[in-house]
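Enquirer: So that you can map any letter, position 51 of the sequence shown is 51 in the UniProt record's numbering, and since no number is skipped, the others follow by simple counting.
Idealized CB from N, CA, C, for every residue including glycine.
Owing to the predicted nature of the structure, the values given are computational and were not obtained by experimental measurement.
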Amino acid sequence: ITNSKDNVKGRQMPVHYSWKEGNLVSISSPVGTQFPQAVGCAMASAYKGEDNVSISWLGDGTAAEGDFHYAINFASVYKAPVILNVVNNQWAISTHKNFSSGEATFASRGIAYDLPSIRVDGNDFLALYSVTSWAAERARKGEGATFIEVFTYRAEAHSTSDDPTRYRPKDEWKSWPLGDPLERLKNHLIDLGEWSNTDQKKLEKELDELVIKSYKEAEKHGTLTDGPWASEETLFEDVYKKPPRHLRKQRQELGI
1 ITNSKDNVKG RQMPVHYSWK EGNLVSISSP VGTQFPQAVG CAMASAYKGE
51 DNVSISWLGD GTAAEGDFHY AINFASVYKA PVILNVVNNQ WAISTHKNFS
101 SGEATFASRG IAYDLPSIRV DGNDFLALYS VTSWAAERAR KGEGATFIEV
151 FTYRAEAHST SDDPTRYRPK DEWKSWPLGD PLERLKNHLI DLGEWSNTDQ
201 KKLEKELDEL VIKSYKEAEK HGTLTDGPWA SEETLFEDVY KKPPRHLRKQ
251 RQELGI
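#1: Report the rounded CA-to-CA distance for F125 versus R11, giving the unit in angstroms.
#2: Starting from E149, trace the beta strand (DSSP E) in both directions and tell me its first and last residue.
#3: Counting only the same chain and skipping the five closest in sequence on each side, list residues whose C-beta sits under 7 Å from that of D67.
#4: Express the C-alpha separation of N52 and A104 in angstroms, rounding to a whole number.
#5: Could you give the distance in angstroms between the alpha-carbon of A80 and the alpha-carbon of A145?
#6: Assign G66 to one of three DSSP states: helix, strand, or coil.
#7: Which residues in the same chain have their Cβ closer than 6 Å to the Cβ of P116, if we skip the five residues on either side of it in sequence?
#8: Closest by CA to T95, which one among I55, R140, A218 and D162?
#9: Based on Cα-Cα distance, which residue from I118, K213, G59 and A139 lies nearest to Y78?
#10: Tell me N88's beta-bridge partners as DSSP assigns them.
#11: Please list, in chain order, all residues of the same chain as N73 whose beta carbon is under 7 Å from its beta carbon, the five residues on each side excluded.
#12: If you compare alpha carbons, which of P177, G61, G227 and R168 is closest to K5?
#13: So what does F56 bridge to, in DSSP terms?
#14: Does L178 come out as helix, strand or coil in the three-state DSSP assignment?
#15: If you draw a straight line from the C-alpha of E253 to the C-alpha of P243, how long is it?
#16: From A230 to Y240, what does the alpha carbon distance come to, in whole angstroms?
#17: If I measure Cβ to Cβ from P164 and keep anything under 7 Å in the same chain, skipping five residues before and after, which residues do I get?
#18: Determine which residues share a DSSP beta bridge with D121 and list them.
#19: Taking just the CA atoms, how far does Y17 sit from H221?
#20: Grouping DSSP H, G and I as helix and E and B as strand, with all else coil, what is L24?
#21: Quick one, are the C-beta atoms of A127 and I83 less than 8 Å apart?
#22: Taking DSSP as the reference, what is the three-state secondary structure of T165?
#23: Quick one: grab the DSSP three-state call for T132.
Given below as structure tokens:
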């Protein structure tokens, strides 16, 4: 929330969070850049002899960006231990997939780069988990990258500034046949006797309380509107170990 304890120091959009301890790297706001970054991390890990696997996601609209193709090509050529996912929710803001791509599936794009490519029901948690686990196992064996098309549907607006009723029927979501992934998983576990509606309500209550408690704790260190915010000095930190001359000059001009 961009206060003095913000681990990204107020440099990112609210949903572009990171968690260093969990190896969760924040994506960049320019669309598509996370793919080449993931491939680069994977190549660095392989070079160092580490056992890490990188994984990244982007949307069907972003698959039209050059970064998408650069990343897949590098991943293929260098057998990078990376899993690249295109989340095909069928709408790139207001542009439907049928108007932005000539292929029947996005998975076919990976085949052109000689990558194992799979289309999976993105609303089936267990199917997606299984495919991702297989891809990670391949990567750790040194067999290279895997390309996954996560087929799903964007039921809500793209953002708070988007009005989907301007470009698609208001009730289109009712025709989506693959359902809610959380409901499907819950019902599957209940059918197996491993879960219950009582368990579900208890978990939801615990998670709600945890989020509210965490947010109130975070607010003790400031808010987006009232601060305190990260200091001006942080503008010049973190990117370079030794700041180059032009940044040293800018910092001097700012008097910090």
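Expert: To lay it out plainly:
#1: As a first step, residue 125 is located in the sequence shown; it is residue number 125 there, counting from the start. As a first step, residue 11 is located in the sequence shown; it is residue number 11 there, counting from the start. Their Cα atoms are separated by approximately 32 Å.
#2: Position 149 of the sequence shown, counted from the start, is the residue given in the question as residue 149. E149 -> beta strand (DSSP E) spans T146 to F151.
#3: Reading the sequence shown from its first residue, position 67 is the one you call residue 67. Excluding residues within five positions, the ones whose Cβ falls inside 7 Å are G32, T33, F35 and P36.
#4: Looking up residue 104 in the sequence shown gives position 104. Looking up residue 52 in the sequence shown gives position 52. So the alpha carbons of these two residues sit roughly 33 Å apart.
#5: The sequence position of residue 80 within the sequence shown is 80, counting from 1. The sequence position of residue 145 within the sequence shown is 145, counting from 1. Spanning the two alpha carbons is a distance of roughly 6 Å.
#6: Here residue 66 refers to the residue found at position 66 of the sequence shown. In the structure shown, G66 sits in a helix (DSSP, three-state: H, G or I).
#7: In the sequence shown, residue 116 corresponds to position 116, counting from 1. Only T146 meet the Cβ criterion.
#8: For the purposes of this step, residue 95 is identified with residue 95 of the sequence shown, where counting begins at 1. Among I55, R140, A218 and D162, the Cα nearest to that of T95 belongs to D162.
#9: Translated into positions along the sequence shown, residue 78 becomes position 78. Nearest of I118, K213, G59 and A139 to Y78, Cα basis: A139.
#10: Within the sequence shown, residue 88 is the residue found at index 88, counting from 1. Answer is F151.
#11: Indexing the sequence shown from 1 puts residue 73 at position 73. Cβ neighbours of N73 beyond the five flanking positions: Y113.
#12: As a first step, residue 5 must be located in the sequence shown, where it is residue number 5. It is G227.
#13: Within the sequence shown, residue 56 is the residue found at index 56, counting from 1. Correcting the residue identity first, residue 56 is Ser in this sequence and not Phe. The partner list for S56 (beta bridge, DSSP) reads L84.
#14: Taking the first residue of the sequence shown as 1, we reach residue 178 at position 178. Residue state, collapsed to three classes: coil.
#15: In the sequence shown, counting from the first residue as 1, residue 253 sits at position 253. In the sequence shown, counting from the first residue as 1, residue 243 sits at position 243. Approximately 15 Å, taken between the alpha carbons.
#16: Indexing the sequence shown from 1 puts residue 230 at position 230. Indexing the sequence shown from 1 puts residue 240 at position 240. So the two alpha carbons sit approximately 18 Å from each other.
#17: Your numbering for residue 164 matches position 164 in the sequence shown. Excluding sequence neighbours, P164 sits near A157.
#18: Along the sequence shown, one-based indexing puts residue 121 at 121. In the DSSP output, where bridge partners are listed per residue, D121 has F151.
#19: Translated into positions along the sequence shown, residue 221 becomes position 221. Translated into positions along the sequence shown, residue 17 becomes position 17. Cα to Cα, the separation comes out at about 17 Å.
#20: Taking the first residue of the sequence shown as position 1, residue 24 is located at position 24. Note: L24 maps to strand in three-state DSSP.
#21: Taking the sequence shown and counting its residues from 1, one reaches residue 127 at position 127. Taking the sequence shown and counting its residues from 1, one reaches residue 83 at position 83. No; because the gap between Cβ atoms is not below 8 Å, this pair is not in contact.
#22: Locating residue 165 in the sequence shown gives position 165, where the first residue counts as 1. Here T165 sits in helix by DSSP.
#23: Within the sequence shown, numbered from 1, the residue matching residue 132 stands at position 132. Helix, per DSSP.
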